[in-house]
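What follows is a set of notes on a single structure, which appears directly below.
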Amino acid sequence: MITHLQDTVTLNNDVKMPGFGLGVYKVEDGETVVNAVKAALKYGYRSIDTASFYDNEVGVGQAISESGIPREELFITSKVWNDEQGYESTLEAYERSLQKLGLAYLDLYLIHWPVKGKYKETWRAMEKLYNEGRVRAIGVSNFHVHHLQNLLKDSHVQPVINQVEFHPHLSQVELREFCANENIKFEAWSPLKRGQLFDDPILIEIAKKHGKTTAQIILRWDIQHEVITIPKSITDERIKANADIFDFSLTKEDMEKLDAMNNNDRAGTNPDSYDL
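Throughout the sequence shown, residue numbering follows this note's numbering, covering 4 to 279 in sequence.
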């Protein structure tokens, strides 16, 4: 379990990745995303997660460039979108992302969704990028167990990570266990369920006990489950507050109460919707 903001976890290819970062899903390109990323970097974040679909890679790259932080101290993730998938188109998509970000390489490149009939060819292209040293690590996003099983049958490079929706209403126990057994790190997007959990009485009770916000309680729950997490925010104050979770611990009773909140309810799309 990570113990501070810049603490890292070791992926299955020995690359070290910060266990906590900033997600920029639906953050408007230009000044908004530039300011958000700069704020995160100012407060000590070193992992930034974007995607071609977010249409803000240019702004993320600008913020990185203007931050003055050496590239090797940062961990930058992007993803190949659904209509970019396939072998040649994935190779082209990677080059576009690098160009927009203004970077020579990515630390992590993910398949954004398991598009039926395409994701295995997409993975083959990502393996090429990895084997050529163009990207430090490759992984997947929104893969169920059956997607991972299908991918692993023919893959030559093991995915390092599976980034999925994860929060107290969707604790994904079976998927987490499968990933742990395969040495695939588990990463949470939408860890705060897009704000839908903030008024939950169980969370409010635990937050009062610890003198923290409900958001901080959820993010601490992630960390204590050893789940890499990338909360999204565009406000300076919340970006700082989201990372203020390393000065307390949830008790076993707290964790059990949060675990019991699971009802398999999603804020986003079920990955099987892309398997039609």
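Backbone N, C-alpha and C define an ideal beta-carbon position, used for all residues, glycine too. Since this is a predicted model, take the numbers as computed values, not measurements.
| Query | Result |
| --- | --- |
| Any 3 or more C-beta pairs closer than 8 Å across the stretch 42-54 and the stretch 14-25 | yes |
| Ordered list of alpha helix (DSSP H) runs contained in the stretch 27-76, each at least 4 residues | 34-45 and 60-70 |
| Close beta carbons around Leu279, own chain, < 6 Å, minus the five adjacent residues each side | Residue confidence for Leu279 is low, a pLDDT of 47 falling below 50, so the modelled location carries little weight and cannot support an answer. |
| Secondary structure of Asp82, DSSP reduced to three states | The residue you asked about is not Asp; residue 82 is Lys in the sequence shown. Strand. |
| From Glu31, Leu8, Pro21 and Gly271, residue whose alpha carbon lies closest to that of Ile237 | Glu31 |
| Assigned secondary structure, Leu279 (DSSP; H/G/I helix, E/B strand, else coil) | Only weak support is given to the placement of Leu279: the predicted model assigns it a pLDDT of 47, under 50, and the value that follows is read from those uncertain coordinates. Coil, per DSSP. |
| Closest residue to Tyr41 among Tyr57, Phe56, Gly62 and Asp58 (Cα-Cα distance) | It should be noted that the sequence gives Lys, not Tyr, for residue 41. Nearest of Tyr57, Phe56, Gly62 and Asp58 to Lys41, Cα basis: Gly62. |
| Through-space distance from Gln227 to Val138, alpha-carbon basis | 29 Å |
| Every unbroken alpha helix (DSSP H) inside the stretch 190-255 [4 residues or more] | 204-213, 217-227 and 239-245 |
| Expected contact under 8 Å - CB spacing of His170 and Ser193 to nearest Å | 6 Å |
| Same chain only: Cβ atoms within 6 Å of Asp257, ignoring 5 sequence neighbours per side | Ile209 |
| Proximity below 8 Å, CB of Gln166 to CB of Val118 | no |
| Cβ contact check for the stretch 217-235 and the stretch 180-195: 3 or more pairs under 8 Å | yes |
| Range covered by the beta strand (DSSP E) that runs through Thr272 | Where Thr272 is concerned, there is no enclosing beta strand (DSSP E), given that its DSSP letter is neither H nor E. |
| For Phe181, three-class secondary structure by DSSP | helix |
| Alpha-carbon to alpha-carbon, Ile205 and Glu259 | 11 Å |
| Three-pair Cβ contact test at 8 Å for the stretch 11-22 versus the stretch 56-76 | no |
| First and last residue of the uninterrupted alpha helix (DSSP H) at Asn153 | Val148 to Asp157 |
| Alpha-carbon spacing of Ala218 relative to Asn245, whole angstroms | 7 Å |
| Contacting residues, own chain, Cβ-Cβ under 7 Å from Gly105 (five flanking each side not counted) | Gly64 and Ser68 |
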